[in-house]
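Here the sequence shown is numbered in my numbering, starting from 56 and rising by one per residue. Glycine included, C-beta positions come from ideal geometry on N, C-alpha and C. Note that the structure is predicted; figures quoted are calculated from it, not measured. I have placed the structure first, in the form of structure tokens, so that the comments after it can refer back to it.
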Amino acid sequence: MLLRKTFLLAIIAFVTIFIKSVLTLEVGSAIANIDGPITAKFTWQTTAEETTFTAVFENTITKENVYEYTFVVVGPDGVIIDLTRKIQEGLITSSSISHYFQIFDNSEMSVGQVVNNYLQVAHENYVIARAPIIGDAV
């Protein structure tokens, strides 16, 4: 009898954890476009386990000058995610295009964390661009 109760409790625990993990899965995509002092496109794509983040700069930010810039996701309460170091360390420049690409665990960054906020770029501590992050997460 004790074995049956233990087995039943184990099944209930497993089902509860499984249902919670399925219900909290997040998928979605988001984008922020900047036209102004710099031309850039930032994209986020979230799957069940990971988020792919991409930044593409045209004729502006290069491997040589990227350290003069900061890149942050900001919301009503301030900075949500600081992308500066990751972009600075991973930027690749080819011809007139520079790009950055990285896959994050969803606990680090996801579409749900960035959508309906802003991508802000500063040059030498002066904000030069701020674009809405538009998208959806389900």
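Considering Cα atoms alone, identify which of Ile66, Val193, Ala192, Ile188 is closest to Gly130.
For the purposes of this step, residue 130 is taken as residue 75 along the sequence shown, with counting starting at 1. Here the closest residue by C-alpha is Ile188.
Residues of its chain near Leu146, where Cβ-Cβ distance is below 6 Å and the 5 sequence neighbours each way are ignored:
By 1-based counting over the sequence shown, the position of residue 146 is 91. Closer than 6 Å at Cβ, skipping near neighbours: Lys118, Val121, Ser153, Tyr155.
Does the region 175-182 come within contact of the region 159-167, defined as at least 3 CB pairs closer than 8 Å?
Output reads no: the region 159-167 does not touch the region 175-182.
Kindly indicate the opening and closing residues of the alpha helix (DSSP H) around Gly130.
Position 75 of the sequence shown, counted from the first residue, corresponds to residue 130. Counting along the chain, Gly130 falls outside any alpha helix (DSSP H), though it belongs to the beta strand (DSSP E) covering 124-130.
Less than 8 Å separating the beta-carbons of Val127 and Gln175?
Within the sequence shown, the letter at position 72 stands for residue 127. Within the sequence shown, the letter at position 120 stands for residue 175. Result yes, Cβ atoms of Val127 and Gln175 sit closer than 8 Å.
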